[in-house]
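Asks: One structure, as C-alpha coordinates, below. Some questions next.
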Amino acid sequence: MSSTDTTRCPAHTKTTVQEQRKEYDRARKHDPYRALYNTRDWRDRIRPAALRRDPFCKIALICVAQRGDPAPSEVADHITAMRAGGDPTDMDNLQGSLQKMSRPQDSYRGQHLRRQALTD
7 MSSTDTTRCP AHTKTTVQEQ RKEYDRARKH DPYRALYNTR DWRDRIRPAA LRRDPFCKIA
67 LICVAQRGDP APSEVADHIT AMRAGGDPTD MDNLQGSLQK MSRPQDSYRG QHLRRQALTD
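So for the sequence shown, the numbering used here puts the first residue at 7; every next one is plus one.
Structure follows, in C-alpha coordinates:
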(Lines of atoms letter the chains of each structure in order from A; the text may use other names.)
(Lines give C-alpha, C1' and ligand atoms only; values in the text may rest on other atoms or scores of the structure.)
Protein backbone atom coordinates (compact mmCIF):
# COMPACT_ATOMS: atom_id res chain seq x y z
CA MET A 7 0.00 0.00 0.00
CA SER A 8 1.37 3.44 -0.79
CA SER A 9 0.84 6.83 0.78
CA THR A 10 -1.42 7.73 -2.17
CA ASP A 11 -3.91 4.97 -1.32
CA THR A 12 -7.35 6.56 -1.15
CA THR A 13 -9.18 3.50 0.18
CA ARG A 14 -8.19 4.24 3.77
CA CYS A 15 -8.25 7.33 5.92
CA PRO A 16 -4.88 8.98 6.71
CA ALA A 17 -4.84 7.54 10.21
CA HIS A 18 -4.90 4.00 8.80
CA THR A 19 -2.61 4.45 5.82
CA LYS A 20 0.87 3.14 6.57
CA THR A 21 3.84 4.25 4.55
CA THR A 22 6.85 2.02 4.89
CA VAL A 23 10.42 3.25 4.72
CA GLN A 24 10.84 1.27 1.50
CA GLU A 25 7.86 3.07 -0.07
CA GLN A 26 9.24 6.42 1.03
CA ARG A 27 12.59 5.63 -0.59
CA LYS A 28 10.92 4.57 -3.83
CA GLU A 29 8.90 7.79 -3.91
CA TYR A 30 12.05 9.82 -3.22
CA ASP A 31 13.91 8.03 -6.03
CA ARG A 32 11.02 8.62 -8.45
CA ALA A 33 11.07 12.32 -7.63
CA ARG A 34 14.82 12.47 -8.34
CA LYS A 35 14.67 10.40 -11.52
CA HIS A 36 14.66 13.41 -13.85
CA ASP A 37 17.12 15.49 -11.83
CA PRO A 38 19.74 16.77 -14.32
CA TYR A 39 22.47 16.59 -11.68
CA ARG A 40 21.88 12.86 -11.21
CA ALA A 41 22.29 12.14 -14.94
CA LEU A 42 26.09 12.30 -14.55
CA TYR A 43 26.12 9.11 -12.50
CA ASN A 44 24.60 7.12 -15.36
CA THR A 45 27.24 8.08 -17.91
CA ARG A 46 29.93 5.68 -19.06
CA ASP A 47 32.59 8.35 -18.44
CA TRP A 48 31.60 8.56 -14.75
CA ARG A 49 31.33 4.79 -14.23
CA ASP A 50 34.41 3.75 -16.18
CA ARG A 51 36.86 6.61 -15.79
CA ILE A 52 36.11 9.36 -13.25
CA ARG A 53 34.73 7.43 -10.27
CA PRO A 54 37.33 4.63 -10.41
CA ALA A 55 40.16 7.18 -10.70
CA ALA A 56 38.93 9.04 -7.62
CA LEU A 57 38.65 5.80 -5.62
CA ARG A 58 42.14 4.70 -6.69
CA ARG A 59 43.56 8.04 -5.64
CA ASP A 60 41.69 8.02 -2.29
CA PRO A 61 41.49 4.40 -1.17
CA PHE A 62 40.46 5.51 2.33
CA CYS A 63 37.61 7.85 3.22
CA LYS A 64 38.95 11.41 3.27
CA ILE A 65 36.16 12.54 5.60
CA ALA A 66 36.72 9.59 7.95
CA LEU A 67 40.35 10.62 8.33
CA ILE A 68 39.04 13.52 10.38
CA CYS A 69 37.01 11.13 12.52
CA VAL A 70 39.63 8.42 13.07
CA ALA A 71 39.25 8.91 16.81
CA GLN A 72 35.66 7.65 16.54
CA ARG A 73 36.40 4.67 14.28
CA GLY A 74 39.92 3.81 15.30
CA ASP A 75 41.13 3.65 11.72
CA PRO A 76 40.10 5.08 8.35
CA ALA A 77 37.52 3.10 6.41
CA PRO A 78 37.85 2.17 2.73
CA SER A 79 36.26 4.62 0.28
CA GLU A 80 32.95 3.50 -1.19
CA VAL A 81 31.93 6.50 -3.30
CA ALA A 82 33.49 9.40 -5.18
CA ASP A 83 32.05 12.37 -3.33
CA HIS A 84 31.88 15.95 -4.64
CA ILE A 85 33.58 18.41 -2.29
CA THR A 86 31.65 21.35 -3.68
CA ALA A 87 28.22 20.08 -4.69
CA MET A 88 27.28 20.34 -8.34
CA ARG A 89 24.22 22.37 -7.32
CA ALA A 90 26.58 24.85 -5.65
CA GLY A 91 28.64 25.24 -8.81
CA GLY A 92 31.20 22.48 -8.26
CA ASP A 93 32.71 20.92 -11.38
CA PRO A 94 31.24 17.42 -11.57
CA THR A 95 34.23 15.84 -13.33
CA ASP A 96 37.19 17.79 -11.87
CA MET A 97 39.36 15.40 -9.86
CA ASP A 98 40.23 18.27 -7.52
CA ASN A 99 36.52 18.44 -6.63
CA LEU A 100 36.23 14.72 -5.83
CA GLN A 101 37.27 12.72 -2.80
CA GLY A 102 36.86 9.13 -1.73
CA SER A 103 34.29 8.77 1.00
CA LEU A 104 32.15 6.32 2.93
CA GLN A 105 28.63 6.15 1.51
CA LYS A 106 27.07 7.23 4.79
CA MET A 107 29.38 10.25 5.10
CA SER A 108 28.59 11.52 1.62
CA ARG A 109 24.83 11.76 2.16
CA PRO A 110 23.48 15.31 2.43
CA GLN A 111 21.53 14.51 5.60
CA ASP A 112 24.69 13.32 7.36
CA SER A 113 26.24 15.85 9.72
CA TYR A 114 29.74 15.00 8.48
CA ARG A 115 29.00 16.62 5.13
CA GLY A 116 29.65 20.16 6.35
CA GLN A 117 31.77 22.15 3.93
CA HIS A 118 34.33 22.95 6.64
CA LEU A 119 35.00 19.23 7.24
CA ARG A 120 35.12 18.52 3.52
CA ARG A 121 37.61 21.34 2.91
CA GLN A 122 39.69 20.26 5.90
CA ALA A 123 39.92 16.73 4.49
CA LEU A 124 41.61 18.11 1.40
CA THR A 125 44.36 19.75 3.40
CA ASP A 126 45.18 16.63 5.44
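Ideal Cβ positions, reconstructed from N, Cα and C, are used throughout, including at glycine.
1) Touch check for the region 88 to 101 and the region 45 to 63: three-plus C-beta pairs under 8 Å?
2) Label Val23 either buried or exposed according to how many other C-beta atoms from any shown protein chain fall within 10 Å of its C-beta, with 16 as the threshold for buried.
3) Could you tell me whether the Cβ atoms of Ala56 and Ala82 are closer together than 8 Å?
4) Who are the Cβ neighbours of Asp93 in its own chain at under 7 Å, not counting the five residues just before and after it?
5) Is it buried or exposed, Ala90, if we count other Cβ atoms within 10 angstroms and call 16 or more buried?
6) Between the alpha carbons of Met88 and Arg58, how many angstroms are there, rounded?
7) To the nearest angstrom, how far is it from the Cα of Lys106 to the Cα of Tyr43?
8) Compute the distance between the beta-carbons of Val70 and Pro76, then report whether it is under 8 Å.
9) Which residues bound the alpha helix (DSSP H) around Leu57?
10) Where do the N-terminal and C-terminal ends of the alpha helix (DSSP H) with Asp31 fall, by residue?
11) Excluding the 5 residues preceding and the 5 following Tyr39 in the sequence, name in chain order all residues of the same chain whose CB lies nearer than 7 Å to its CB.
12) In terms of alpha-carbon separation, which member of Pro54, Gly74, Glu80 lies closest to Thr95?
Replies: In short, the structure shows the following:
1) Yes: the two stretches touch, three or more of their Cβ pairs being nearer than 8 Å.
2) If you number the sequence shown from 1, residue 23 lands on position 17. Under this definition Val23 is an exposed residue.
3) Working through the sequence shown from its first residue, we reach residue 56 at position 50. Working through the sequence shown from its first residue, we reach residue 82 at position 76. Going by C-beta atoms, Ala56 is nearer than 8 Å to Ala82.
4) If you number the sequence shown from 1, residue 93 lands on position 87. Within the same chain, Asp93 has close Cβ partners Asn99.
5) Here residue 90 refers to the residue found at position 84 of the sequence shown. The Cβ neighbour count for Ala90, taken over all protein chains shown within 10 Å, is under 16; the residue is labelled exposed.
6) Mapped onto the sequence shown, residue 88 falls at position 82. Mapped onto the sequence shown, residue 58 falls at position 52. A straight line joining the alpha-carbon of Met88 with that of Arg58 spans about 22 Å.
7) In the sequence shown, counting from the first residue as 1, residue 106 sits at position 100. In the sequence shown, counting from the first residue as 1, residue 43 sits at position 37. When rounded, the distance between both Cα atoms is 17 Å.
8) Reading the sequence shown from its first residue, position 64 is the one you call residue 70. Reading the sequence shown from its first residue, position 70 is the one you call residue 76. It is a contact, given that the beta carbons lie within the stated cut-off.
9) Mapped onto the sequence shown, residue 57 falls at position 51. Looking at the DSSP string, the run of the alpha helix (DSSP H) that includes Leu57 is 53 to 59.
10) The residue given as residue 31 occupies position 25 in the sequence shown. Counting along the chain, the unbroken alpha helix (DSSP H) around Asp31 starts and ends at 23 to 34.
11) Here residue 39 refers to the residue found at position 33 when the sequence shown is read from its first residue. Met88, Arg89, listed in sequence order.
12) Counting from 1 along the sequence shown, the entry for residue 95 is found at position 89. The candidate whose alpha carbon is nearest that of Thr95 is Pro54.
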